[in-house]
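Residue numbers (my numbering): 200 to 439.
C-beta: ideal position from N, C-alpha, C; glycine also.
Note that the coordinates shown come from a computational prediction; the quantities given were computed from them, not determined experimentally.
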Ligand code: C5P
């Protein structure tokens with residue numbers, strides 16, 4: 200893929216990539232950590248370009264890295280790079296503000312889920328087009344989940360059958376996402392932080408629809424995730 204990649208779709212995708220990635224250990228910001236010789240963010244942008252519905256990509260970079268990220272991605276695809284905020288949610292808000300009104304559907308992704316396949320992007324977008332204002336990809340939870348209190352004492356076991364692990368990209372009607380982000384800021388300008396955008400939509404009472412996720416959209420968080428992601432890249436099964 201080269202700088203001549205043209206985005207022809209009608210969907211904007213926001214890629215917050217301004218986190219530090221402390222759980223990966225010391226090193227550059229997570230989005231710039233290398234996976235098979237290239238930064239995670241390059242893989243993430245390349246993957247979303249494989250989905251024909253994508254027409255705009257906005258990356259929220261660590262503020263000090265905006266020039267470097269702009270230069271890095273110039274050779275990959277036409278990408279708008281903005282300076283991220285102090286939290287993921289703040290980074291998404293800034294990125295969303297740069298999306299022109301003509302994009303009625305906005306996806307919110309994570310640079311850390313760099314290998315999400317295009318079929319997953321398509322599935323989320325199809326559900327938004329089918330009439331769901333907010334759509335999340337989910338996977339069943341495989342571990343038994345327990346609530347643990349003080350002194351490491353188990354308080355109870357959660358019914359696993361009703362739990363889902365949530366991935367990205369999450370898909371929204373642009374206006375609903377913008378309304379949810381506006382509502383998360385109180386009169387004093389304080390932000391009630393959520394770990395995902397669907398959480399903000401739930402907060403304003405709008406339904407959120409689930410579609411099947413994909414194990415290949417794993418979130419690179421700990422060093423072992425880089426090993427799994429490299430194996431997936433080597434297997435060459437990420438373009439569908
Ligand atoms: O920290 P966590 O792994 O939950 O971050 C999820 C995504 O949000 C990552 O892609 C990260 O780069 C991004 N993020 C951001 N701005 C922040 C914090 C995290 O764009 N201030």
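Residue 224 versus 266, 284, 422, residue with shortest Cα-Cα distance: Working through the chain shown from its first residue, we reach residue 224 at position 25. Nearest neighbour of residue 224 by Cα position, chosen from 266, 284, 422, turns out to be 422.
Start and end residues, alpha helix (DSSP H) containing residue 269: Position 70 of the chain shown, counted from the start, is the residue given in the question as residue 269. In this chain, the alpha helix (DSSP H) harbouring residue 269 covers 265-273.
Enumerate in chain order the residues of its own chain whose CB-to-CB distance from residue 429 is below 8 angstroms, with the five nearest sequence positions on each side excluded. Stepping through the chain shown from its first residue, residue 429 is reached at position 230. 234, 235, listed in sequence order.
Going by DSSP, what residue range makes up the alpha helix (DSSP H) through residue 288? For the purposes of this step, residue 288 is taken as the residue at position 89 of the chain shown. DSSP places residue 288 inside the alpha helix (DSSP H), whose first and last residues are 287-296.
Label residue 396 either buried or exposed according to how many other C-beta atoms from any shown protein chain fall within 10 Å of its C-beta, with 16 as the threshold for buried. The count along the chain shown starts at 1 and reaches residue 396 at position 197. Buried, by the Cβ-count rule.
Which residues in the same chain have their Cβ closer than 8 angstroms to the Cβ of residue 408, if we skip the five residues on either side of it in sequence? Taking the chain shown and counting its residues from 1, one reaches residue 408 at position 209. Beyond the five residues adjoining it in sequence on each side, residue 408 comes within less than 8 angstroms, by CB distance, of 326, 331, 333, 334, 335 in the same chain, given in chain order.
Counting contacts by CB-CB distance shorter than 7 angstroms, is residue 329 in contact with chain C? The structure shown contains no chain C; it holds only a single protein chain.
For residue 244, which residues in the same chain have their Cβ closer than 8 angstroms to its Cβ, ignoring the five residues on either side in sequence? Residue mapping note: residue 244 aligns to position 45 of the chain shown, counting from 1. So the qualifying residues of the chain are 214, 256, 258, 272, 275, 276, 278.
Please confirm whether residue 298 and residue 216 have their CB atoms less than 7 angstroms apart. Position 99 of the chain shown holds residue 298. Position 17 of the chain shown holds residue 216. Taking a C-beta distance under 7 angstroms as the contact criterion, residue 298 and residue 216 do not qualify as a contact pair.
Check whether the Cβ of residue 310 lies closer than 6 angstroms to any heavy atom of the ligand C5P, and answer yes or no. Translated into the one-based positions of the chain shown, residue 310 becomes position 111. Correct: residue 310 has its Cβ closer than 6 angstroms to the ligand C5P.
On the three-state DSSP scale, how would you describe residue 248? Here residue 248 refers to the residue found at position 49 when the chain shown is read from its first residue. Looking at residue 248 - three-state DSSP - the assignment turns out to be helix.
Check whether the region 290-309 and the region 343-362 touch, using three or more Cβ-Cβ pairs below 8 angstroms as the test. No, the region 290-309 does not touch the region 343-362.
Residue environment, residue 394, which counts as buried when at least 16 other CB atoms sit within 10 Å: By 1-based counting over the chain shown, the position of residue 394 is 195. With fewer than 16 other Cβ atoms within 10 Å, it is exposed.
Cβ of residue 379 versus every heavy atom of the ligand C5P: is any distance shorter than 6 angstroms? Working through the chain shown from its first residue, we reach residue 379 at position 180. Because no heavy atom of the ligand C5P lies under 6 angstroms away, the Cβ of residue 379 does not count as near it: no.
Check this for me: beta carbons of residue 260 and residue 247, under 7 angstroms apart or not? Walking along the chain shown from the start, residue 260 turns up at place 61. Walking along the chain shown from the start, residue 247 turns up at place 48. Cβ atoms of residue 260 and residue 247: not closer than 7 angstroms.
Closer than 6 angstroms: is that where the CB of residue 297 sits relative to any heavy atom of the ligand C5P? Within the chain shown, residue 297 is the residue found at index 98, counting from 1. Answer for residue 297: no, Cβ out of range of the ligand C5P.
Taking 6 angstroms as the line, does the beta carbon of residue 245 fall inside it for any heavy atom of the ligand C5P? Numbered from 1 along the chain shown, position 46 holds the residue referred to as residue 245. Checking every heavy atom of the ligand C5P against the Cβ of residue 245, none is found closer than 6 angstroms.
What residues are listed by DSSP as bridge partners for residue 370? Indexing the chain shown from 1 puts residue 370 at position 171. DSSP lists 306, 334 as the beta-bridge partner residues of residue 370.
If you drop the 5 nearest sequence neighbours on each side, which residues of the same chain put their C-beta closer than 8 angstroms to that of residue 354? Here residue 354 refers to the residue found at position 155 of the chain shown. 345, 346, 347, 348.
Under the criterion of a Cβ to heavy atom distance below 6 angstroms, does residue 287 qualify as lining the ligand C5P? In the chain shown, residue 287 corresponds to position 88, counting from 1. Relative to the ligand C5P, residue 287 has its C-beta within less than 6 angstroms of a heavy atom.
Would residue 198 and residue 282 be called neighbours here (beta carbons separated by less than 7 angstroms)? Coverage of the chain is limited to positions 200 through 439, which leaves residue 198 absent and any answer about it impossible.
When DSSP labels each residue in this structure, what does residue 231 get in the three-state scheme? What you label residue 231 is simply residue 32 of the chain shown in a count that begins at 1. Here residue 231 sits in helix by DSSP.
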